[in-house]
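Engineer: First the structure, then my questions, so here it is.
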Amino acid sequence: FFAFMGERYGASPLPLSLDRNEFATIRGVMEADESMWEEMALLEEWYQLDENEIPNRYILKQSVGDISPSAGVGTDQHQRWMD
Numbered sequence: 056f057f058a059f060m061g062e063r064y065g066a067s068p069l070p071l072s073l074d075r076n077e078f079a080t081i082r083g084v085m086e087a088d089e090s091m092w093e094e095m096a097l098l099e100e101w102y103q104l105d106e107n108e109i110p111n112r113y114i115l116k117q118s119v120g121d122i123s124p125s126a127g128v129g130t131d132q133h134q135r136w137m138d
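Residues in the sequence shown are numbered consecutively from 56, following my numbering.
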């Protein structure tokens, strides 16, 4: 799992899927930091466990409500997210 921080490389979209162990690790880090609980709730809302995949993977849902998790910077969805 890679995350490029900063403006140099542009927007970094969310991964389309995460291995079950990766998801558990990310969630564990977020759970340990009380300031990240809101983001943890979004992670759980945006990804769904696909138990048909072997090994099991968490798959990024297409959209949640009226905001897509993969909305790019500069889109109306992204602006609503930032507001």
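Ideal Cβ positions, reconstructed from N, Cα and C, are used throughout, including at glycine.
What are the partner residues of residue 72, as DSSP defines its beta bridges?
Structural biologist: 114
Engineer: Look at the Cβ atom of residue 115, then the Cβ atom of residue 72, and state whether they are nearer than 8 Å.
Structural biologist: Cβ distance < 8 Å, so residue 115 and residue 72 count as in contact.
Engineer: Kindly list the residues whose CB is nearer than 8 Å to the CB of residue 75, restricted to its own chain and excluding five residues on each side of it in sequence; keep chain order.
Structural biologist: 104, 110, 111, 112, 113
Engineer: Span of the beta strand (DSSP E) holding residue 105?
Structural biologist: 102-105
Engineer: Give the secondary structure of residue 81 by DSSP, where H, G and I count as helix, E and B as strand, and everything else as coil.
Structural biologist: helix
Engineer: Measure the alpha-carbon distance for residue 93 versus residue 79 and round it to whole angstroms.
Structural biologist: Put simply, the backbone Cα of residue 93 is about 16 Å away from that of residue 79.
Engineer: Is the separation between the beta-carbon of residue 98 and that of residue 81 shorter than 8 Å?
Structural biologist: yes
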